[in-house]
Amino acid sequence: MPGAVPRVRFAPSPTGYFHVGSARTALFNWLVARQSGGTFVLRIEDTDTDRNREEWVDGIMSALHWLRMDPDEGPYRQSLRTERHHQAIDVLWAGGFLYACDCTREQIEARNKERGIKTPGYDGFCRDRRLPRGDGRALRFRTPDVGITTVHDVVRGDVEFPNAAMDDFVAVKADGAPLFVLANVVDDIDMAITHVIRGEDLLPTTPRGVLAWEALRSMGWMTDGSTGTGAQPAPDLPVFAHLPMLVNEQRKKLSKRRDPVAVESYRDRGYLPDAFLNYLGLLGWSPPGGEELFDVNQMVQWFRLEDVNHSPAFFDVVKLTHMNGEYIRAMPLEAFIEACRPWLSGANAPWPDGNFDEVVFSTLAPLVQERVSVLDEVPAMVDFMFLDEPIIDEDSWTRAVANDELAGAVLSGALEAYGGLTGNWTRDALHAATVAIGEGVGRKLGKAQAPIRVAITGRRIGPPLFEALELMGPDRTLARLRDALGRGDTGPGS
Ligand code: GLU
744 MPGAVPRVRF APSPTGYFHV GSARTALFNW LVARQSGGTF VLRIEDTDTD
794 RNREEWVDGI MSALHWLRMD PDEGPYRQSL RTERHHQAID VLWAGGFLYA
844 CDCTREQIEA RNKERGIKTP GYDGFCRDRR LPRGDGRALR FRTPDVGITT
894 VHDVVRGDVE FPNAAMDDFV AVKADGAPLF VLANVVDDID MAITHVIRGE
944 DLLPTTPRGV LAWEALRSMG WMTDGSTGTG AQPAPDLPVF AHLPMLVNEQ
994 RKKLSKRRDP VAVESYRDRG YLPDAFLNYL GLLGWSPPGG EELFDVNQMV
1044 QWFRLEDVNH SPAFFDVVKL THMNGEYIRA MPLEAFIEAC RPWLSGANAP
1094 WPDGNFDEVV FSTLAPLVQE RVSVLDEVPA MVDFMFLDEP IIDEDSWTRA
1144 VANDELAGAV LSGALEAYGG LTGNWTRDAL HAATVAIGEG VGRKLGKAQA
1194 PIRVAITGRR IGPPLFEALE LMGPDRTLAR LRDALGRGDT GPGS
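Numbering (our numbering), first residue to last: 744 to 1237.
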């Protein structure tokens, strides 16, 4: 219904984790609503009782909330609207748009085989048999024999489907349950949806929806007024926009099993909602100025459905992660510290809660903020400070200590030199002492630091060493150097 104030809907089926592709669909719908004073409707398409689970509905709601895309209306439950779907079936039956069919799949296949037809489809066997409804018969939609059904799609242009190539599809199953296309269209009409924006995988079934929509309209179908828009004649066909598929680096459709597609897992690992939204915005669209980093308000301002691309969009976790790092570094320090909270205690933190020290963490925080891309990397950056003993990463130990013939000399040099600094325990003094140790063994500072860093923090990567040592204090630092030397494998021949 071009021209009207947009009413868009996001209509997920709760059959699994909330997929990044669904999040992108939700975002593009939400953007259209926000930029036009329109309404963002959430409809849960939960009629497939074998595959739906209530926890997935909760997952959808909480992911939308995390991304700050709470619906303006809904969630409506498709499963609570079956009465309307059945009314629509009666209307379409009365109008002659449906006919009953008792063919089994085997019978249809056998007939197709006999005639040498390879593409599966219905041959219209029951079209003119005038079977009554009921008795376990499916209802098929009588598609026109001639002409073309055109889907006017904002992204793909006019997509034409010759009616002759469209079979008489099942609209109502033999057990009386309406099928997806019918329920989906009845709901869109009743909810006065003006724009159907969804994944491209649904484009092939769209001409069926168009036929059903027009059939209902021709029968004078009135919306039920259940959504606050009041009862009104079925509106014109909506604007369609089928969004490009998301693919992985092999250019294959993202797979639930192989690819990390669950929005929940990104949230739980410490991706920021702003960064995530920014990245989602680039999946099939980019701003006219070519910007890559933009906030949601800019997206609302710049987004045009017409500018959505139709080629598949690469969902690039590396790029998303990099972008998240940029968002983390752009945060005010206080906000960063707050955002880290969930990773600083309880199950996400490897130290006992009582060991955590707020002041120490705040001092380390600016150093950590520069070095993480995702918040779940934070504990490993600071755990050495809050654990009684560092967690020794074996690979780091092997590389920086066990395989280094000078590691033993560096560590004992540090134990001795740092031991003399207890009255002047500053990062500068520690730095100077370490430079001198390096010179003593013929090494630059970077290389000389490596065994010390692993002895103290357990890892080769972490915040700047001398700031960390200053914070840790002489007692713990010296004890760890002693422990490391005591492990016995501090370099070949040790
Ligand atoms: N429930 C459908 C799905 O999750 C989407 C329907 C639609 O957007 O029209 O695939």
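Note that beta-carbon positions come from the ideal geometry of N, C-alpha and C, so glycine has one too.
In the DSSP output, what is residue i paired with across the bridge?
i: Pro976; result: Met965
i: Leu841; result: Phe884
i: Phe1057; result: Val990
i: Pro921; result: Val915
i: Asp896; result: Gly900 and Phe983
i: Glu816; result: Val784
i: Lys996; result: Val990
i: Phe1046; result: Looking at the DSSP assignment, Phe1046 forms no beta bridge with any residue, so it has no partner.
i: His938; result: Val751 and Val982
i: Pro905; result: Ile891
i: Ala1160; result: For Ala1160, which the question treats as bridged, DSSP gives no partner whatsoever.
i: His762; result: Ala1005
Please report how far the alpha carbon of residue i lies from the alpha carbon of residue j, in whole angstroms.
i: Arg1225; j: Gly764; result: 53 Å
i: Val924; j: Met1124; result: 51 Å
i: Asp1136; j: Ala1150; result: 16 Å
i: Gly1162; j: Glu1132; result: 19 Å
i: Thr792; j: Leu1107; result: 51 Å
i: Ala831; j: Glu857; result: 36 Å
i: Ala1090; j: Asp1096; result: 10 Å
i: Leu1228; j: Phe1104; result: 28 Å
i: Ala1198; j: Ile1180; result: 16 Å
i: Leu774; j: Gly781; result: 9 Å
i: Glu852; j: Asp845; result: 14 Å
i: Ile936; j: Val897; result: 16 Å
i: Met744; j: Val939; result: In this prediction, Met744 scores a pLDDT of 49, lower than 50, which makes its location untrustworthy; no coordinate-derived value is stated.
i: Ala1193; j: Leu1118; result: 25 Å
i: Pro1093; j: Pro1122; result: 7 Å
i: Pro981; j: Gln1044; result: 23 Å
i: Gly1216; j: Glu797; result: 52 Å
i: Arg786; j: Gln821; result: 7 Å
i: Ala1157; j: Gln1112; result: 28 Å
i: Pro1055; j: Pro1206; result: 39 Å
i: Arg1196; j: Arg1230; result: 15 Å
i: Asp1138; j: Gly1189; result: 18 Å
i: Pro706; j: Val902; result: The structure shown does not extend to residue 706, since the chain is modelled only from 744 to 1237, so the question has no answer here.
i: Asp833; j: Asp930; result: 16 Å
i: Val748; j: Ser779; result: 7 Å
i: Leu1173; j: Met1042; result: 49 Å
i: Phe1129; j: Met988; result: 45 Å
i: Ser1155; j: Phe1099; result: 30 Å
i: Val800; j: Ala754; result: 11 Å
i: Leu1110; j: Phe1079; result: 11 Å
i: Pro1235; j: Val1184; result: 16 Å
Report the residue from the options whose alpha carbon sits nearest the alpha carbon of residue i.
i: Thr758; options: Glu788, Cys846 and Leu1118; result: Glu788
i: Val751; options: Glu857, Asp888, Ala920 and Ile932; result: Ile932
i: Val928; options: Trp809, Leu959 and Gly900; result: Leu959
i: Ser1000; options: Val834, Lys1062 and Tyr760; result: Just to set this straight, residue 1000 is Arg in the shown sequence, not Ser. If we check each option's Cα against that of Arg1000, Tyr760 comes out closest.
i: Ile1204; options: Trp1168, Ala1143 and Cys846; result: Ala1143
i: Leu1026; options: Asn1052, Leu785 and Glu1120; result: Asn1052
i: Ser756; options: Asp833, Leu1087 and Gly942; result: Gly942
i: Trp1168; options: Val1184, Val1178 and Leu1212; result: Leu1212
i: Glu849; options: Pro863, Ser961 and Gly1166; result: Pro863
i: Phe1057; options: Leu1036, Tyr1009, Arg767 and Asp801; result: Arg767
i: Tyr842; options: Pro818, Ile860, Arg885 and Gly802; result: Arg885
i: Ile1134; options: Arg899, Gly1201 and Ala1005; result: Gly1201
i: His829; options: Pro921, Phe840, Ala754 and Pro875; result: Pro921
i: Glu1077; options: Pro814, Glu1101, Phe1129 and Arg876; result: Glu1101
i: Thr847; options: Ala837, Leu882, His985 and Leu823; result: Leu882
i: Asn1067; options: Leu1023, Trp1086 and Pro1109; result: Leu1023
i: Pro818; options: Thr825, Ile803, Arg827 and Gly1166; result: Ile803
i: Glu826; options: Asp878, Thr790 and Phe1019; result: Thr790
i: Gly900; options: Met962, Leu1048, Phe912 and Cys869; result: Leu1048
State yes or no: is the C-beta of residue i nearer than 7 Å to some heavy atom of the ligand ADP?
i: Arg1203; result: Looking at this structure, you won't find the ligand ADP anywhere; what it does contain is the ligand GLU.
Worksheet item: Touch check for the segment 916-926 and the segment 962-975: three-plus C-beta pairs under 8 Å?
Response: Taking 8 Å as the limit for Cβ pairs, the verdict is that the segment 962-975 does not touch the segment 916-926.
Item to complete: Decide if the segment 985-1002 is in contact with the segment 1045-1064; the criterion is three or more beta carbon pairs, one per stretch, under 8 Å apart.
Response: yes
Discussion item. Would the segment 944-963 count as touching the segment 887-905 if we require 3 or more Cβ pairs under 8 Å?
Written reply: Judged by Cβ distances under 8 Å, the segment 944-963 makes contact with the segment 887-905, as three or more pairs qualify.
Worksheet item: Is it a yes or a no for the segment 1064-1071 touching the segment 1010-1017, going by three-plus beta-carbon pairs under 8 Å?
Response: yes
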